[in-house]
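Student:
Chains as they are written, first to last, in the numbering used here: chain U, 1 to 162; chain D, 1 to 198.
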């Protein structure tokens with residue numbers, strides 16, 4: 001049994017114990033109300049008579065440990081599916097060494113009306129650009145009648161000048 | 001005091017913990033808590049009253065303490081010293097209430113409290129002088145730092161040892177002793193200062 005304060009020699013030498021602490025001791029010894037225990041018993045009986053509330057989880061998982069385990073499984077499942085979805089898609093950035101097509105950046109004032117890259121088109125790196133063959137140049141035929149070009153009219157021929 | 005141990009209050013095996021609480025176990029725990037009420041309600045009330053200094057608030061604190069015990073009825077068998085455990089609960093309840101009441105203006109009820117303290121065998125003049133002395137002491141205690149004040153209040157309970165006070169306040173016995181020494185020094189200085197002013 002531990003030594004009590006009042007029996008200790010240490011405390012008996014302390015200042016102010018005899019007069020001041022006597023007041024606190026008197027305060028600590030004030031008797032409780034006579035029917036305190038009855039009222040506490042009554043309150044506890046009322047509290048125990050209340051039906052035990054059981055939540056939705058308790059219907060099929062009565063133990064708190066099971067509920068915690070189920071919640072943990074749900075969290076792991078959500079985290080795992082999120083990770084899977086994120087890593088299954090190809091990354092947007094170009095891979096090193098890959099044949100990529102660089103989209104030229106448009107000048108801000110060129111076509112977007114000052115909205116930066118609002119008019120830019122993203123070309124997926126996986127998409128092969130369609131190469132359109134250049135249109136064949138047609139040589140102007142002699143039989144073709146048309147208006148002479150203004151250039152020809154402006155430059156006089158050598159015969160005319162002579 | 002030994003808590004009346006029943007089959008339901010003994011530590012259960014892991015398999016039994018997954019079973020829902022049966023009605024018989026609830027009844028057994030109710031019997032144990034009723035025994036705790038008969039044994040410690042008075043002590044808890046006095047502890048609560050020494051801090052709150054209001055009969056209704058102290059009784060509310062005691063009831064709340066037993067409601068908390070009721071919530072932990074399944075682990076009552078694991079409690080080594082129910083008296084210290086319950087005093088610790090009521091102490092926390094009381095401090096929580098006092099903290100919440102700080103927002104309200106405190107009533108100056110020290111003089112009323114000083115008149116309530118027993119003064120048997122004294123003449124009328126001596127009673128008045130005794131009440132004044134108690135009032136001065138209570139006002140001086142109220143001026144102490146919080147930690148010292150708490151130790152001093154709990155040390156006034158003869159049934160609580162220094163080790164038990166340390167358990168209640170969640171600290172070591174040496175800390176309790178040093179705080180008590182400091183509290184007594186400060187209280188002595190405050191009282192001598194008030195005497196010199198008078």
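Just so you know, even glycine gets a beta-carbon here, dropped at the ideal spot from N, CA and C.
Thinking C-beta only, is residue 151 (chain D) closer than 8 angstroms to residue 183 (chain D)?
Tutor: Cβ atoms of residue 183 (chain D) and residue 151 (chain D): closer than 8 angstroms.
Student: Under the rule that 16 or more other beta-carbon atoms within 10 Å means buried, what is residue 37 (chain D), buried or exposed?
Tutor: Residue 37 (chain D) is buried by the Cβ-count criterion.
Student: In the DSSP assignment, the alpha helix (DSSP H) including residue 136 (chain D) goes from what residue to what residue?
Tutor: Start and end: 124-143.
Student: Are the C-beta atoms of residue 163 (chain U) and some chain D residue less than 8 angstroms apart?
Tutor: Limits of chain U in this structure are 1 at one end and 162 at the other, which puts residue 163 (chain U) out of reach.
Student: Could you name the residues of the same chain whose beta carbon sits closer than 6 angstroms to that of residue 14 (chain D), not counting the 5 residues immediately before and after it, in chain order?
Tutor: With a pLDDT of 37 at residue 14 (chain D), under the threshold of 50, the predicted position of this residue should be treated as unreliable, and no value is reported.
Student: Under DSSP, the alpha helix (DSSP H) around residue 162 (chain D) begins and ends at which residues?
Tutor: Counting along the chain, the alpha helix (DSSP H) containing residue 162 (chain D) begins and ends at 162-169.
Student: List, in chain order, every chain U residue whose beta-carbon is nearer than 8 angstroms to that of residue 38 (chain D).
Tutor: Those are 37, listed as they occur along chain U.
Student: Roughly how many angstroms lie between the CA atoms of residue 134 (chain D) and residue 33 (chain D), to the nearest whole one?
Tutor: Computed Cα separation, rounded: 37 angstroms.
Student: Just to confirm my understanding: we take residue 64 (chain U), look at its own chain, exclude 5 residues before and 5 after, and list those with CB closer than 8 angstroms. What are they?
Tutor: Excluding sequence neighbours, residue 64 (chain U) sits near nothing in its chain.
Student: Which two residues bound the contiguous alpha helix (DSSP H) that contains residue 41 (chain U)?
Tutor: Unbroken alpha helix (DSSP H) run through residue 41 (chain U): 36-49.
Student: Using the beta-carbon count (16 or more within 10 Å), is residue 49 (chain D) buried or exposed?
Tutor: Buried, since its Cβ has 16 or more Cβ neighbours within 10 Å.
Student: Closest to residue 27 (chain U) by C-alpha separation, out of D:93, D:81, D:144 and D:115, would be which residue?
Tutor: Here the closest residue by C-alpha is D:115.
Student: Counting only C-beta atoms, is residue 67 (chain U) closer than 8 angstroms to chain D at any point?
Tutor: By this cut-off, residue 67 (chain U) is not an interface position.
Student: Run through chain U and tell me which residues come within less than 7 angstroms of residue 63 (chain D), C-beta to C-beta.
Tutor: Chain U residues near residue 63 (chain D): 40 and 43.
Student: At which residues does the alpha helix (DSSP H) containing residue 157 (chain D) begin and terminate?
Tutor: No alpha helix (DSSP H) contains residue 157 (chain D), which DSSP labels as neither H nor E.
Student: Tell me which residues share the same chain as residue 47 (chain D) and place their Cβ nearer than 8 angstroms to its Cβ, disregarding the 5 neighbours each side in the sequence.
Tutor: Hits under 8 angstroms: 87, 90, 91, 94, 154 and 157.
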